[in-house]
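Have a look at the structure below, then the notes.
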Amino acid sequence: MTDHTHHVRLLRDLANSLEAQSTPTDDPFTPHPDTQAIISTRHNSRGQLNYAVPEALQLQRRIRRYNADHGTPHGDIVATALDIWLRAKGYPPDLTPLKTEEQ
0 MTDHTHHVRL LRDLANSLEA QSTPTDDPFT PHPDTQAIIS TRHNSRGQLN
50 YAVPEALQLQ RRIRRYNADH GTPHGDIVAT ALDIWLRAKG YPPDLTPLKT
100 EEQ
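Using the working numbering, read the sequence shown as starting at 0 and increasing by one per residue.
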């Protein structure tokens, strides 16, 4: 008999990855529930994210204006936007370590 253990593990990993991705909603910019939970928790560790971006996009100015209009912290704006984009491209986060820490 053929051992299918490797294939079963690959299918489980694929299923877990698909589950971690957002399901399409009417608003493509709706954050994933896991992302909302992480961002709303102020007691999580945060890291600095520094990248050179084209000045013509005026990202810093736009982030400041969104913050002023909605009160959302700058880091949360960036984290939410990048998470939505990366999930849409098929790169969900591996939240397994986070879930095991909570237990």
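Every residue gets a Cβ at the ideal spot worked out from N, C-alpha and C, and that includes glycine.
Residue i burial status per 10 Å Cβ neighbour count (16 or more: buried)
i, result
"ASP82", "buried"
"HIS6", "exposed"
"HIS31", "buried"
Boundaries (first-last residue) of the alpha helix (DSSP H) holding residue i
i, result
"THR79", "73 to 87"
"ARG41", "Counting along the chain, ARG41 falls outside any alpha helix (DSSP H), and DSSP gives it neither H nor E."
Pairwise C-alpha distance: residue j and residue i
i, j, result
"TRP84", "ALA67", "23 Å"
"ASP33", "ASN43", "13 Å"
"THR29", "ASP75", "13 Å"
"ALA14", "ARG8", "10 Å"
Contact test: residue i Cβ vs the ligand COA heavy atom, cutoff 7 Å
i, result
"LEU10", "In the structure shown, the ligand COA is absent, as is every other ligand, since no ligand is present at all."
Check: Does the pairing of the region 26 to 42 with the region 72 to 82 give three or more beta-carbon distances under 8 Å?
Finding: yes
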